[in-house]
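Chains as they are written, first to last, in my numbering: chain A, 4 to 402; chain B, 21 to 487. Heads up, the beta-carbon is just placed ideally off N, CA and C, and yes, glycines get one too.
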Amino acid sequence: MEGTGWHPASWREPVARPRELFTAGYWAALVAEAEAGLLDFVTIEDELAPQSTRFLEPDARTDQVRGRLDAVLVAARVAPLTRHIGLVPTVVATHTEPFHISKAIATLDYVSSGRAGLRVRISARPDEAAHFGRRTIPRIDAYDSPAAQEVVTDLFDEAADHVEVVRRLWDSWEDDAEIRDAATGRFVDRDKLHYIDFEGRFFSVKGPSITPRPPQGQPVVTALAHQTVPYRLVARQADVGYVTPHDTAQARAIVSEIRAEQDAAGRAEEPLHVFGDLVVFLDDTAAAAEARRGRLDALAGEPYAGDARVFTGTATQLADLLEEFAEAGLTGFRLRPAVAGHDLPRVSRDLVPELQRRGRFRTAYEAGTLRGLLGLARPANRHAPGRSASPVPAATPVA
Amino acid sequence: MSKPKKQIHLAAHFPGVNNTTVWSDPAAGSHIEFSSFAHFARTAERAKFDFLFLAEGLRLREQGGEIYDLDVVGRPDTFTVLTALAAVTEHLGLTGTINSTFNEPYEVARQFASLDHLSGGRAAWNVVTSWDAFTGENFRRGGFLPQEERYSRAREFLATANELFDSWRGDEILADQATGTFLADAEAGAFAHRGQHFDIHGRFNVPRSPQGRPVVFQAGDSDEGREFAAADADAIFSRYATLDEGKAFYADVKGRLARYGRRPDQLLILPAATFVLGDTDDEAAELAGEVRRQQVSGATALKHLEFVWNRDLSAYDPEGPLPDVDPVVAEEHISRGRAQVRMYRDPVAIAREWRELAEANKWSIRDLVINTGNRQTFVGSPATVARTIDAFVQADAADGFILVPHITPGGLDVFADQVVPILQEQGVFRADYEGTTLRDHLGLAHPDADAGAGRRGRGRLAEAAAT
């Protein structure tokens, strides 16, 4: 979920409600719609600067949505209003403290009874770094230059350390550390609390967390990846990676690259979802969807082209495409509504029934946690070896 | 005619990681599960309280080189749980303690602005400081801050956050779907701050929230802390809940406001207070004694004595006499991550005084700690407690109290059911919420109220542009 939708002119649609973007009711209604469609989870975009049409610097546009709320807090606000759907806010690893993020997502897991995840991202924007004043990030002119690659590789390595710390902190309390032993007067068994003693290239963190291990043990870690360096982050640290293939051949190539990185990271045996990202315009006819996209492009002054493939068409056509992509090895899909108020209901009310007819999507929520919905077992604590993870049934996820 | 009675402010502090909190009682629930927080918040809102208060800890406390295990250990993330509570309440203010040492202004400002938006104007920030390397070991910053800089950083942190809050005036978002103008001002959120602790610039990305800025609390008690509060805070979370101490603190702090051009009613003084209720005063007194024994086990008493002695006392019998060895006076303290050890500035003198007290009263170690530690603030029947609270407020010992029950999460229920109705009948506490924001409940003006014509003038221009 991104503001009023992924198309920059989406806020001008009558259904968009742009004046309500900064209210709880706006987000609660969207997430309720996604939950009515039995989706696995929603992701909530975030960054630590105003939105910009330029990739690595601010703009001064006034004709698009600017401003956003903290994604973790949006997720926390809707958690008590929902029961099944996973909540996956975006977290910027480059400028945040892993200690704070770990306890925030653990707490999101508590307030949602086991439905929390996070989407980790980096920031390579010099203006965003200036909002914190603790580091400078060199301006990147050509994204594929060796200098830029070095900066980006470092930022992703730091993000990997960030996630490693977050994960170790989640495990820093064993599940049964709280004992409330009135006989000895001990509230916790301190032998089941663990210092993480993380020492890395970018920072060190002592631990343990102040928040006990969350209901899922390890909330779901996700990341968006467009090339080899971020694929490596996905392979090393994520439970779900989002990728942006434009056709099935690309999808196959990306999946095999991530699986190879996964082997290299020594995680071959661990489940790792690779979701395809698609921006979607969904209507009753392909012509109506095309016309709507054209109308929004005209309002925006230029054709919309993001990182992901833009789909325009009917729910049946989209279901066909998702099946093709699934054949290519993608294990799920993250659909980005072009217009949140229009295309999200089309996903939940048209696409989902179509996939159900084909036997490719759940007809009821079958698990109480996000890990359960994704077919991921609750992991044993790294400090409590020998305890087996609990198995859960497999699913066909759509987010 | 006597002057009109002051209205009492009441708030609820979710019981935390201290030995006031009795976790061993069969009625004690989780300190982590959201259901506990939701129950507590709903009770506070049912009682028409001003706000719910959360304390903070960023490192598990240690004593004698080991994690302290006798009190409740663990708590959720403040912002996350407060924002979730906004979904299960409609009016209750949501006050979070957030450290100005191990955070950055841009991130904290957007979290508070987000909480204020997502709660419809109910956010408050208890600004606290820390400097110790012990807590710093959990953060990228590490233990970087000299102790003498903690208030200068805190004040600059708050000033910087205010610059970020004020970087949006509140009239920039037109969202005019017909003309395609979303923002009236291309520079909305622009800021630049250069100071001793922060050198930051750019654009803040959260539009102005319902309260403009969160309500600001301050909790420190040093002279610097009192000045900080007099200059910058809307309310003080104090620890002086007895009549005489309360009056002295109240007079001191309110007397400091004028030099910052502020009126006494622009800073509320709200001490933390505990309570024990019984059907009669005698029954309450007896129950209070039982609660004290639950709060101070033998093991807890020994650990408490170690705060002063600064040495391992585990070989002593808590039911026996006080140690005859003297305290260890050293820079390093046996207890880490706990503010109260700083209260014992002359441990040798305190040890001597405690030994004399114990001998005179024939007290064991545990008896001494029970009798010298924090006693319950209000003990009695509901009528007695209501009368006492009112008397304290009318005597200017406080503007109200932040109540800390000793049982989670149901410990507030009896106060809500039995004391609040009496205060309401006496006309000293609201029968219902009169406004929607926390500023409304506390009688504090919106920060833009005094901003003058400049802001309003810009607002009119923006409206003209929109039509």
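With C-beta atoms as the reference, is Gln219/A less than 9 angstroms away from Thr372/A? Locating residue 219/A in the first sequence gives position 216, where the first residue counts as 1. Locating residue 372/A in the first sequence gives position 369, where the first residue counts as 1. Yes, these two residues count as a Cβ contact at 9 angstroms.
Reduced DSSP category for Glu379/B - H, G, I as helix; E, B as strand; rest coil: Within the second sequence, numbered from 1, the residue matching residue 379/B stands at position 359. Residue state, collapsed to three classes: helix.
For the segment 121-145 of chain A, which residues have a CB atom closer than 8 angstroms to at least one CB atom of chain B, in sequence order? Asp130, Glu131, Ala133, His134, Phe135, Gly136 and Arg137
Run through DSSP, which three-state label would Gly431/B get? What you label residue 431/B is simply residue 411 of the second sequence in a count that begins at 1. In the structure shown, Gly431/B sits in a helix (DSSP, three-state: H, G or I).
For Lys195/A, count neighbouring C-beta atoms within 10 Å of its own C-beta (all shown protein chains included) and say buried if the count is 16 or more, exposed if not. Counting from 1 along the first sequence, the entry for residue 195/A is found at position 192. Counting C-beta atoms within 10 angstroms of its own C-beta, Lys195/A has 16 or more neighbours from the protein chains shown and is therefore classed as buried.
Could you tell me the boundaries of the alpha helix (DSSP H) in which Thr392/B lies? Translated into positions along the second sequence, residue 392/B becomes position 372. Start and end: Ile385 to Thr392.
If you count every other CB in all the chains shown that lies within 10 Å of the CB of His221/B, and 16 or more means buried, which is it? If you number the second sequence from 1, residue 221/B lands on position 201. Answer is exposed; the Cβ neighbour count stays below 16.
Taking Cβ-Cβ distances below 7 angstroms as the criterion, which residues of the segment 93-112 of chain B are in contact with chain A? Val93, Gly94, Arg95, Pro96, Asp97, Phe99, Thr100, Val101, Thr103, Ala104, Ala106, Ala107 and Val108
Please decide whether Ile193/B counts as near chain A, where near means a Cβ-Cβ distance under 9 angstroms. On the second sequence, residue 193/B is found 173 positions in, with the first residue counted as 1. True, the Cβ-Cβ gap to chain A drops below 9 angstroms.
So Phe69/B and Ala31/B are supposed to be a Cβ contact under 8 angstroms. How far apart are they, rounded? Numbered from its first residue, the second sequence carries residue 69/B at position 49. Numbered from its first residue, the second sequence carries residue 31/B at position 11. Yes, Phe69/B and Ala31/B are in contact; Cβ-Cβ is about 6 angstroms, under 8 angstroms.
Proximity winner among Val399/B, Phe99/B, Ala48/B and Leu464/B, relative to Ala293/B (alpha-carbon distances): If you number the second sequence from 1, residue 293/B lands on position 273. With distances taken between Cα atoms, Ala293/B lies closest to Val399/B.
If contacts are defined as beta-carbon pairs under 8 angstroms, then Val147/B and Val236/B qualify, I think. What distance do you get, rounded to the angstrom? Within the second sequence, the letter at position 127 stands for residue 147/B. Within the second sequence, the letter at position 216 stands for residue 236/B. About 6 angstroms separates the two Cβ atoms, so the contact holds.
For the segment 123-137 of chain B, list every residue whose C-beta sits within 9 angstroms of some C-beta in chain A, in sequence order. Asn123, Glu124, Pro125, Tyr126, Glu127, Arg130, Gln131, Ala133, Ser134, Leu135 and His137
Applying the 10 Å Cβ sphere with the 16-neighbour rule, what's the burial state of Asn119/B? Here residue 119/B is taken as the residue at index 99 of the second sequence, counted from 1. Its Cβ being crowded by 16 or more others within 10 Å, Asn119/B is buried.
Within the same chain, show all residues whose beta-carbon is closer than 6 angstroms to that of Ala482/B, passing over the 5 residues directly before and after it, in chain order. Translated into the one-based positions of the second sequence, residue 482/B becomes position 462. With a pLDDT of only 33 at Ala482/B, under the threshold of 50, the placement of this residue in the model should not be trusted, and no figure is reported.
Quick one: is Gln315/B buried, meaning 16 or more other Cβ sit within 10 Å of its Cβ, or exposed? The residue you call residue 315/B lines up with position 295 of the second sequence. With 16 or more other Cβ atoms within 10 Å, it is buried.
Per-residue burial, Asn384/A [other beta carbons within 10 Å of its own, 16 or more giving buried]: If you number the first sequence from 1, residue 384/A lands on position 381. Classification for Asn384/A: buried.
Please report the straight-line C-alpha distance between Arg375/B and Ala350/B, rounded to a whole angstrom. Taking the first residue of the second sequence as 1, we reach residue 375/B at position 355. Taking the first residue of the second sequence as 1, we reach residue 350/B at position 330. If I take the Cα positions, the gap works out to 21 angstroms.
Which parts of the segment 335-382 of chain A are runs of the beta strand (DSSP E), unbroken and 3 residues or longer, counting only runs that do not cross its ends? 335-340
Going along chain B in order, which residues have a C-beta closer than 7 angstroms to the C-beta of Phe206/A? Mapped onto the first sequence, residue 206/A falls at position 203. The answer, in chain order, is Arg160.
If Arg183/A sits next to Ile87/B, beta carbons under 8 angstroms apart, how far is it from one beta carbon to the other, in whole angstroms? Here residue 183/A refers to the residue found at position 180 of the first sequence. Here residue 87/B refers to the residue found at position 67 of the second sequence. 16 angstroms between Cβ atoms; not a contact.
Could you spell out the range, first to last residue, of the alpha helix (DSSP H) harbouring Ile519/B? It is not possible to answer for residue 519/B, since the shown part of chain B is limited to 21 through 487.
Find the residues of chain B that neighbour Thr26/A, judging by a C-beta separation of less than 9 angstroms, and give them in chain order. Against the first sequence, residue 26/A aligns to sequence position 23. Per Cβ cutoff of 9 angstroms: His137, Leu138 and Gly140.
Whose CA, out of Glu161/A, Arg171/A, Ile104/A and Trp14/A, lies closest to the CA of Ala127/A? Counting from 1 along the first sequence, the entry for residue 127/A is found at position 124. With distances taken between Cα atoms, Ala127/A lies closest to Glu161/A.
Whole-Å CB distance - Ser212/A paired with Ser259/A, under 8 angstroms assumed: Within the first sequence, the letter at position 209 stands for residue 212/A. Within the first sequence, the letter at position 256 stands for residue 259/A. About 37 angstroms separates the two Cβ atoms, so there is no contact after all.
At the level of alpha carbons, what is the spacing between Ala210/B and Ala52/A? Reading the second sequence from its first residue, position 190 is the one you call residue 210/B. Reading the first sequence from its first residue, position 49 is the one you call residue 52/A. Distance between Ala210/B and Ala52/A, taken at the CA atoms: about 11 angstroms.
Beta-carbon separation of Pro338/B and Arg386/B under 9 angstroms? Your numbering for residue 338/B matches position 318 in the second sequence. Your numbering for residue 386/B matches position 366 in the second sequence. It is a contact, given that the beta carbons lie within the stated cut-off.
With distances taken from CA atoms, which of Gly463/B, Thr428/B and Thr456/B is nearest Gly140/B? Numbered from 1 along the second sequence, position 120 holds the residue referred to as residue 140/B. Considering only alpha carbons, the answer is Thr456/B.
With a threshold of 9 angstroms between beta-carbons, can Arg478/B be considered close to chain A, or not? As a working note, residue 478/B is residue 458 in the second sequence. For Arg478/B, the pLDDT reaches just 35, beneath the cut-off of 50, and the residue's location in the model is therefore unreliable, leaving the point undetermined.
Comparing the CB of Ala143/B with every heavy atom of the ligand GTP, is any distance shorter than 8 angstroms? Absent from the structure shown: the ligand GTP. Ligands present: none.
Taking only three categories from DSSP, how would you classify Gly474/B? Here residue 474/B refers to the residue found at position 454 of the second sequence. For Gly474/B, the predicted structure reports a pLDDT of 40, less than 50, and the residue's modelled location is therefore unreliable. A value from the coordinates is still provided. In this structure, Gly474/B counts as helix in the three-state DSSP scheme.
The alpha helix (DSSP H) spanning His408/A covers which residue range? Chain A is shown from 4 up to 402; residue 408/A falls before or after that span and cannot be answered.
First and last residue of the uninterrupted alpha helix (DSSP H) at Val75/A: In the first sequence, residue 75/A corresponds to position 72, counting from 1. Counting along the chain, the alpha helix (DSSP H) containing Val75/A begins and ends at Ala74 to Val81.
At least three beta-carbon pairs within less than 8 angstroms, the segment 342-362 of chain A to the segment 312-320 of chain A: yes
Please classify Gln286/B: does DSSP put it in a helix, a strand, or coil? For the purposes of this step, residue 286/B is identified with residue 266 of the second sequence, where counting begins at 1. DSSP places Gln286/B in helix when its eight states are reduced to three.
Step through the CB atoms of chain A and report whether any lies within less than 9 angstroms of the CB of Phe54/B. By one-based count along the second sequence, residue 54/B stands at place 34. Yes, because at least one Cβ of chain A sits closer than 9 angstroms to the Cβ of Phe54/B.
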